[in-house]
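Undergrad: Heads up, the sequence shown is in our numbering, so the first residue is 1 and it goes up one at a time.
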Amino acid sequence: MSIEVNNESGVAVDESELVALSRFIFERLYIHPQAELSILLVDEPAMEKLHIELMDEPGSTDVLSVPMDELTPGTPDKPTPQGMLGDIAICPQVAEVQARNAGHSTQDEMLLLTTHGILHLLGYDHAEPEEKEEMFGLQRELLTAFTGKEAPSETIQ
């Protein structure tokens, strides 16, 4: 599987852990081993620009997902087809503020945002209460299994 991390944020981030988490999620959700994912870490001005371009919303945000081949989770018998999962943009500066407000580490927030972004790429959403319950439940389950500790509380609204 091809997972690229490009850190343009100016903030030191444990990129290897983001890759390890992504691989873990791919395996757990039966994503084709040749699927591709790009994680871009950007500063607040760059994230604000992306937020306006992609969502037509002002201001910076924590994570944006841009799906490519509309892949969905597979099963043990039928993994997803090979393809480009998509791109995730994460702003470590916003993650740091959210982590502080939520009472957990910035790295835990970065893991949370990476998981959240991947789930969006796989078609999950949280616009409706039932969708939110499903997505956030899976997010907690994946993070808890990956870290071996209780997942941090969601900061995504």
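Built from N, CA and C at the ideal position, the CB exists for glycine as well.
For the beta strand (DSSP E) that contains Pro67, what are its first and last residues?
TA: The residue given as residue 67 occupies position 67 in the sequence shown. First-last of the beta strand (DSSP E) with Pro67: Val63 to Pro67.
Undergrad: Return the chain-ordered list of same chain residues with a C-beta closer than 6 Å to the C-beta of Asp87, the five sequence neighbours on each side being excluded.
TA: What you label residue 87 is simply residue 87 of the sequence shown in a count that begins at 1. Cβ neighbours of Asp87 beyond the five flanking positions: Ser38 and Val66.
Undergrad: Measure how close the beta-carbons of Val11 and Gln93 come, nearest whole angstrom, since I'm counting them as under 8 Å.
TA: Here residue 11 refers to the residue found at position 11 of the sequence shown. Here residue 93 refers to the residue found at position 93 of the sequence shown. Right, the Cβ-Cβ distance comes to about 7 Å (below 8 Å), so this counts as a contact.
Undergrad: Which residues does DSSP pair with Val5 in a beta bridge?
TA: Here residue 5 refers to the residue found at position 5 of the sequence shown. For Val5, which the question treats as bridged, DSSP gives the partners Ile39.
Undergrad: Does the beta-carbon of Asp125 have 16 or more other beta-carbons within 10 angstroms, so that it is buried, or is it exposed?
TA: If you number the sequence shown from 1, residue 125 lands on position 125. Exposed: under 16 other Cβ atoms inside 10 Å.
Undergrad: What separation, rounded to the nearest whole angstrom, lies between the Cα atoms of Gln157 and Leu21?
TA: One-based indexing of the sequence shown puts residue 157 at position 157. One-based indexing of the sequence shown puts residue 21 at position 21. Reliability of the predicted coordinates at Gln157 is poor, the pLDDT of 41 falling under 50, and the value obtained from them is presented with this limitation in mind. The straight-line gap from Cα to Cα measures roughly 22 Å.
Undergrad: Please name the residue, chosen from Gly123, Ala99, His104 and Glu57, that lies closest to Met68 on a Cα-to-Cα basis.
TA: Counting from 1 along the sequence shown, the entry for residue 68 is found at position 68. Checked all of Gly123, Ala99, His104 and Glu57; the closest Cα to Met68 is Gly123.
Undergrad: Classify Ile118 as buried or exposed, calling it buried when 16 or more other Cβ atoms lie within 10 Å of its own Cβ.
TA: Within the sequence shown, residue 118 is the residue found at index 118, counting from 1. So Ile118 ends up on the buried side.
Undergrad: To which residues of the same chain is Ile90 closer than 6 Å at the C-beta, ignoring the five residues directly before and after it?
TA: Numbered from 1 along the sequence shown, position 90 holds the residue referred to as residue 90. Exclusion of the five residues before and after Ile90 leaves Leu41, Val63 and Leu113 as the residues of its chain whose Cβ lies within less than 6 Å of its Cβ.
Undergrad: Along the chain, where does the alpha helix (DSSP H) that runs through Leu112 open and close?
TA: Here residue 112 refers to the residue found at position 112 of the sequence shown. Unbroken alpha helix (DSSP H) run through Leu112: Thr106 to Leu121.
Undergrad: Return helix, strand or coil for Pro152, following the three-state DSSP convention.
TA: Locating residue 152 in the sequence shown gives position 152, where the first residue counts as 1. DSSP places Pro152 outside both helix and strand once states are collapsed to three, so it counts as coil.
Undergrad: Considering only their Cβ atoms, is the gap separating Ala35 from Thr80 smaller than 8 Å?
TA: Your numbering for residue 80 matches position 80 in the sequence shown. Your numbering for residue 35 matches position 35 in the sequence shown. Their beta carbons are under 8 Å apart, which means Thr80 touches Ala35 by this criterion.
Undergrad: So, Ala95 versus Pro152, is the Cβ gap smaller than 8 Å?
TA: For this step, residue 95 is matched to residue 95 along the sequence shown. For this step, residue 152 is matched to residue 152 along the sequence shown. No, these two residues do not count as a Cβ contact at 8 Å.
Undergrad: On the DSSP letters alone, give me the boundaries of the alpha helix (DSSP H) that Gly137 sits inside.
TA: Sequence index remark: in the sequence shown, residue 137 carries index 137 (1-based). Here the alpha helix (DSSP H) through Gly137 covers Pro129 to Thr147.
Undergrad: Would you identify the three-state DSSP class for Ala102, choosing helix, strand or coil?
TA: Stepping through the sequence shown from its first residue, residue 102 is reached at position 102. If DSSP states are grouped into helix, strand and coil, Ala102 belongs with the helices.
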